[in-house]
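First residue of the sequence shown? That's 1 in UniProt numbering, and the numbers climb one at a time after it. Note that the Cβ used here is the ideal one computed from N, Cα and C, for glycine as well.
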Amino acid sequence: MCSFSTYTIPSGLYGTAFSGSAWDSAAKCGACVKVTGPNGVITAMIVDQCPECSAGQLDLFQDAFAKIGDISAGKIATSYEFVECGITSAIKLHNKSGTSSHWFSMQVLNHNEPVAKLEVSTDGGSTWQATTRQQYNFFENSSGFGTETVDVKVTSESGSSVTVKDVSVAADSETTASGNF
1 MCSFSTYTIP SGLYGTAFSG SAWDSAAKCG ACVKVTGPNG VITAMIVDQC
51 PECSAGQLDL FQDAFAKIGD ISAGKIATSY EFVECGITSA IKLHNKSGTS
101 SHWFSMQVLN HNEPVAKLEV STDGGSTWQA TTRQQYNFFE NSSGFGTETV
151 DVKVTSESGS SVTVKDVSVA ADSETTASGN F
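In structure tokens, the structure reads:
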């Protein structure tokens, strides 16, 4: 699961679940796919895991399915490719409930490309510490970073990065970056 409980899929995008065998520890959460079906083409954001799907299968939301095929068919032949989402607003960083200076858990939202890693600096960006992506799509450090604010660097699968300075580690808080990849 992508745990997008505080996030609304941007207008113009549809939702889909992605096959469990290709899940890769939630690495495709928030990624977009251009899906071609018998009746059209849509762009959908991966927002959930489909454990029962075969490798490479998508489980499209009903509104997405209806745009490219006949819902009464149940299953249709499709093809897809990963594409940028086309989001024009900035990346958002969302802290999980319980996050503090002693336990760090942050989610990246609203990104145009799949997120490869999230790193944290407590020394103004001189050094960066890794976090571990969990199956539920939060990047964590079980001992926290010992401070109330940190700098965060988010890197996409293509190597682009966005750095956000002075991010609060308060529980349930959200910070908006100045850009997107």
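Measuring straight from C-alpha to C-alpha, what distance separates residue i and residue j?
i	j	result
residue 172	residue 123	24 Å
residue 118	residue 72	42 Å
residue 116	residue 163	14 Å
residue 139	residue 133	4 Å
residue 31	residue 46	6 Å
residue 96	residue 3	10 Å
residue 182	residue 60	Because the chain in this structure spans residues 1 to 181, residue 182 falls outside the shown range and cannot be described.
residue 29	residue 154	14 Å
residue 81	residue 107	24 Å
residue 129	residue 114	20 Å
So, are the CB atoms of residue i and residue j less than 8 Å apart?
i	j	result
residue 103	residue 144	yes
residue 78	residue 58	yes
residue 44	residue 136	no
residue 18	residue 111	no
With a threshold of 8 Å on Cβ separation, who are the neighbours of residue i within its own chain once the five nearest residues in sequence on each side are excluded?
i	result
residue 41	34, 35 and 68
residue 146	101, 102 and 122
Can you list, in chain order, the residues of its chain whose CB lies under 6 Å from that of residue i, leaving out five sequence neighbours each side?
i	result
residue 166	149
residue 7	109
residue 151	121, 125 and 165
residue 83	32 and 34
residue 9	15 and 45
Would you please state the rounded distance, in angstroms, between the beta carbons of residue i and residue j? I believe it to be under 8 Å.
i	j	result
residue 21	residue 55	4 Å
residue 98	residue 64	In fact, because the Cβ distance is near 33 Å, the residues do not count as touching under 8 Å.
Check each candidate in the options and name the one with the smallest Cα separation from residue i.
i	options	result
residue 88	1, 175 and 11	11
residue 23	53, 70, 61 and 5	53
residue 62	13, 107, 83 and 174	13
residue 76	48, 50, 39 and 85	39
residue 50	160, 158, 157 and 1	1
Within its chain, find whatever has a CB closer than 7 Å to the CB of residue i; leave out the 5 residues flanking it on each side and keep chain order.
i	result
residue 142	103
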